[in-house]
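Novice: In full-length UniProt numbering, the protein residues as written are 1 to 361. Glycine included, each C-beta is placed from N, C-alpha and C at the ideal position.
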């Protein structure tokens with residue numbers, strides 16, 4: 001079994017009762033399967049895998065739906081929301097042929113393949129991603145649609161009439177929530193850059209995490225959403241990543257900061273004196289993204305609600321262009337970045353309804 005020293009320590013020091021296997025479907029929804037833990041069970045999982053119905057995930061047709069999942073032990077963490085001591089990890093999906101070959105369209109396998117192609121064609125050794133999470137915390141949400149009536153009612157304890165960006169107490173009601181979420185994220189192995197209140201004055205929040213490679217970043221996006229949703233449920237709050245949950249309030253995006261590293265772990269986008277200190281490779285890279293921006297929306301903005309956010313006047317991207325410090329552009333180049341190793345751009349259209357494995361790949 002291949003596992004890091006950190007994971008070995010978890011198995012050796014914690015009284016584990018269950019091991020929980022997590023898999024994302026094609027929509028980015030998280031599913032899980034729990035098994036009573038023992039060393040024998042773990043060894044069998046690693047060698048034979050655990051069978052499941054791939055058709056329910058959208059991976060296969062019903063007529064040929066048997067698949068296998070195997071845990072990726074380097075993603076293990078203690079699940080803070082389970083009463084029993086449970087170690088949780090992401091998995092990889094395999095076919096049920098004689099060799100148990102990796103399933104080509106398994107989302108985590110696709111992320112690994114994207115990184116492999118990046119290396120194969122000599123573009124870079126690794127891509128680095130830094131997601132921002134914008135979301136609303138609400139006190140109650142009710143809705144009804146039938147032959148006699150239709151309504152939606154959203155209640156928020158935050159009721160101030162001005163821009164909420166970085167607003168301080170007593171107006172920021174959920175800084176303690178964000179503190180607790182940050183502690184849980186760090187325990188789960190996710191490095192947090194900062195958190196703050198966002199523009200929306202009905203409970204909009206932001207948490208930003210540090211850069212990591214493609215697969216880890218996609219895993220971290222799924223895990224961050226899992227932690228935030230479950231923490232809100234514990235506190236009887238409603239948390240939503242909907243891009244535009246409230247009319248005339250700021251929308252919630254999942255902006256993706258992004259750069260590439262070579263084999264020597266040096267940023268390949270930097271050139272002193274170039275536009276925004278970017279070299280030709282970076283500009284071509286941005287050009288490719290802008291050329292395909294409408295098609296990318298299928299992966300980065302997959303819901304009808306996504307497009308209610310992309311309107312003028314609310315700091316949302318509405319132009320297929322790039323520019324320094326321009327939050328109306330698809331691609332913003334942060335002007336405040338001074339560290340050469342973090343020379344980058346921010347792709348602003350995505351929102352958190354996206355499947356991150358597809359959006360990043």
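1) Tell me the DSSP secondary structure of residue 131 in three-state form.
2) Considering residue 322, what are the terminal residues of the alpha helix (DSSP H) in which it resides?
3) Just checking, does the stretch 188 to 208 make contact with the stretch 140 to 151 on the three C-beta pairs under 8 Å criterion?
4) DSSP three-state call for residue 233: helix, strand or coil?
5) Any idea what DSSP makes of residue 159, helix, strand or coil?
6) Scan the UniProt domain "GS beta-grasp" (14 to 98) and note each continuous beta strand (DSSP E) run of 3 residues or more that stays entirely inside, going in chain order.
7) Assess contact between the stretch 334 to 349 and the stretch 252 to 261, defined as three or more Cβ pairs (one per stretch) separated by less than 8 Å. Is contact present?
8) For residue 286, I'd like the list of residues in its chain whose CB is within less than 7 Å of its CB, leaving aside the five on either flank, ordered along the chain.
9) Starting from residue 329, follow the beta strand (DSSP E) in both directions and report where the run begins and ends.
10) Return the residue from the list 79, 109 and 99 that minimises the CA-CA distance to residue 91.
11) Express the C-alpha separation of residue 18 and residue 41 in angstroms, rounding to a whole number.
12) If you drop the 5 nearest sequence neighbours on each side, which residues of the same chain put their C-beta closer than 6 Å to that of residue 140?
13) Please classify residue 7 as buried or exposed, where buried requires at least 16 other C-beta atoms within 10 Å of its C-beta.
14) From the DSSP output, read off the bridge partner residues of residue 204.
15) Any idea if residue 295 is buried or exposed, counting beta-carbon neighbours within 10 angstroms, 16 or more meaning buried?
16) With a cut-off of 8 Å on the beta carbons, I'd call residue 335 and residue 244 a contact; round off their distance for me.
17) With residue 173 as the anchor, note down where its alpha helix (DSSP H) starts and where it stops.
18) Residues in its own chain within less than 8 Å of residue 319 by CB, not counting five upstream and five downstream?
19) Does the Cβ of residue 267 have 16 or more other Cβ atoms within 10 Å, making it buried, or fewer, making it exposed?
20) Does residue 101 come out as helix, strand or coil in the three-state DSSP assignment?
21) Nearest to residue 32 by CA position, among 223, 13 and 270, is which residue?
22) Here's the rule: buried if 16 or more other CB atoms are within 10 angstroms of the residue's CB, otherwise exposed. What is residue 62?
23) If you run the structure through DSSP and keep just helix, strand and coil, what is residue 153?
24) Where does residue 263 fall in DSSP's three states?
25) Mapping DSSP to helix, strand and coil, what is residue 364?
Specialist: The short version:
1) By 1-based counting over the chain shown, the position of residue 131 is 131. Residue 131 falls in the strand class under three-state DSSP.
2) Along the chain shown, one-based indexing puts residue 322 at 322. First-last for residue 322: 319 to 324, but that is the beta strand (DSSP E), not the alpha helix (DSSP H).
3) no
4) By one-based count along the chain shown, residue 233 stands at place 233. Residue 233: helix per DSSP, three-state reduction.
5) Position 159 of the chain shown holds residue 159. DSSP places residue 159 in coil when its eight states are reduced to three.
6) 18 to 24, 30 to 36, 50 to 53, 66 to 71 and 86 to 94
7) yes
8) Taking the chain shown and counting its residues from 1, one reaches residue 286 at position 286. Excluding positions up to five away in sequence, the list reads 322, 331 and 345.
9) Walking along the chain shown from the start, residue 329 turns up at place 329. Looking at the DSSP string, the run of the beta strand (DSSP E) that includes residue 329 is 329 to 333.
10) Here the question's residue 91 lines up with position 91 in the chain shown. Nearest option by C-alpha distance: 109.
11) The sequence position of residue 41 within the chain shown is 41, counting from 1. The sequence position of residue 18 within the chain shown is 18, counting from 1. Approximately 10 Å between the Cα atoms of the pair.
12) As a position in the chain shown, residue 140 is number 140, starting the count at 1. Around residue 140: 155.
13) To locate residue 7, count along the chain shown from 1; it is residue 7. The residue in question, residue 7, is buried, as its Cβ has 16 or more Cβ neighbours within 10 Å.
14) Here residue 204 refers to the residue found at position 204 of the chain shown. Per DSSP, 136.
15) Taking the first residue of the chain shown as 1, we reach residue 295 at position 295. Result: exposed.
16) The residue you call residue 335 lines up with position 335 of the chain shown. The residue you call residue 244 lines up with position 244 of the chain shown. Contact flag wrong, Cβ pair sits at about 27 Å.
17) Position 173 of the chain shown, counted from the first residue, corresponds to residue 173. Taken as a continuous stretch (DSSP letters only), residue 173 belongs to no alpha helix (DSSP H), as it is neither H nor E.
18) As a position in the chain shown, residue 319 is number 319, starting the count at 1. Counting only Cβ-Cβ distances below 8 Å, and skipping sequence neighbours, we find 328, 329 and 330.
19) Your numbering for residue 267 matches position 267 in the chain shown. It is buried - the Cβ of residue 267 has at least 16 other Cβ atoms within 10 Å.
20) Looking up residue 101 in the chain shown gives position 101. DSSP places residue 101 in coil when its eight states are reduced to three.
21) Reading the chain shown from its first residue, position 32 is the one you call residue 32. Checking every option, the nearest Cα to that of residue 32 belongs to 223.
22) For the purposes of this step, residue 62 is taken as the residue at position 62 of the chain shown. Exposed is the call here.
23) Walking along the chain shown from the start, residue 153 turns up at place 153. DSSP places residue 153 in strand when its eight states are reduced to three.
24) By one-based count along the chain shown, residue 263 stands at place 263. Correct three-state label for residue 263: coil.
25) With the chain represented from 1 up to 361, any question about residue 364 goes unanswered, as that position is not in the structure.
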